[in-house]
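Peer 1: Residue numbers (my numbering): 1047 to 1243.
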Amino acid sequence: MNTINKLNAMKKSLVVLALAILLMPLTAMAQTDIFEKYSNSDNVTYASIKPKMFQMLAGIDIETDSKEAQEYMKMVKSITSFKTLATDDKNVAGDIAKWVKARSGSLEELMEIKDDGVVVKFYVKEGRDENFVAELLMFVNGLDAVTKDLDVNVNGKKRGMESVLVSFTGDIDLNQLSKLINAFDLPGGKELDKKKK
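1) Do K1171 and L1153 count as a contact pair if the criterion is CB distance below 8 angstroms?
2) Verify whether the separation of the beta carbon atoms of T1133 and N1089 is less than 8 angstroms.
3) Report the CB separation of L1211 from V1146 in whole angstroms; it is logged as a contact under 8 angstroms.
4) Mapping DSSP to helix, strand and coil, what is M1102?
5) Could you check whether the stretch 1133-1144 touches the stretch 1164-1181, counting it as contact only if at least three pairs of C-beta atoms, one from each stretch, sit closer than 8 angstroms?
6) Excluding the 5 residues preceding and the 5 following T1073 in the sequence, name in chain order all residues of the same chain whose CB lies nearer than 8 angstroms to its CB.
7) Take S1246 as the anchor and find which of D1175, P1097 and G1163 has the nearest alpha-carbon.
8) Considering only residues of the stretch 1136-1181, which uninterrupted beta strand (DSSP E) runs meet the minimum length of 3 residues and lie entirely inside it, listed in chain order?
9) Measuring straight from C-alpha to C-alpha, what distance separates I1080 and D1161?
10) What residue does the beta strand (DSSP E) around S1213 start on, and which one ends it?
11) Should V1192 go down as buried or exposed, given a rule of 16 or more other Cβ atoms within 10 Å for buried?
12) Quick check: what's the CA-CA separation for F1128 versus D1175?
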């Protein structure tokens, strides 16, 4: 009787282990899909720029001999994805923070900025060499402390801002990164410029 109980317990353990292994890919998918999860949420401002848009931008003729402008346009053309989420909802912000923490294990932290309760973190996935990144993830948290008095309206509804998540993928030149961040008017561009010098 005791042996039968041990066998049943072992069977249950094996079933639980098998289920855990089967659910691991689903957990990984859930972690990589935070943008999809909140893309239609009323509590989130979501933007996604598709590769075609970057190709169109890169296709604009630059009437300049400036090597710097040409390098910048080359980098713009190399971007395959730009996605952003912004929210004032504390629960959504908490969910995004958990996702970033889980995701950051497979990325390298490039920089952290703390100022007046706002925390900005940059994470990267190295690209073809140390001067290029295949992915840039930027997470800004605690914005409510500095934006609560601003009169920001989205679709006629007053909006605050607690967290912003930005993801770029492509073949991104780190030397051009601060220009890109400044072009999108995102925090941290000036700090990246200083770090580069």
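Note that CB positions come from ideal geometry on N, CA and C, so glycine has one too.
Note that the structure is predicted; figures quoted are calculated from it, not measured.
Peer 2: The structure says:
1) yes
2) yes
3) 7 angstroms
4) helix
5) no
6) With a pLDDT of 38 at T1073, under the threshold of 50, the predicted position of this residue should be treated as unreliable, and no value is reported.
7) In the structure as shown, the chain starts at 1047 and stops at 1243, and residue 1246 therefore has no counterpart that could be examined.
8) 1154-1161 and 1164-1172
9) 26 angstroms
10) S1209 to D1219
11) exposed
12) 21 angstroms
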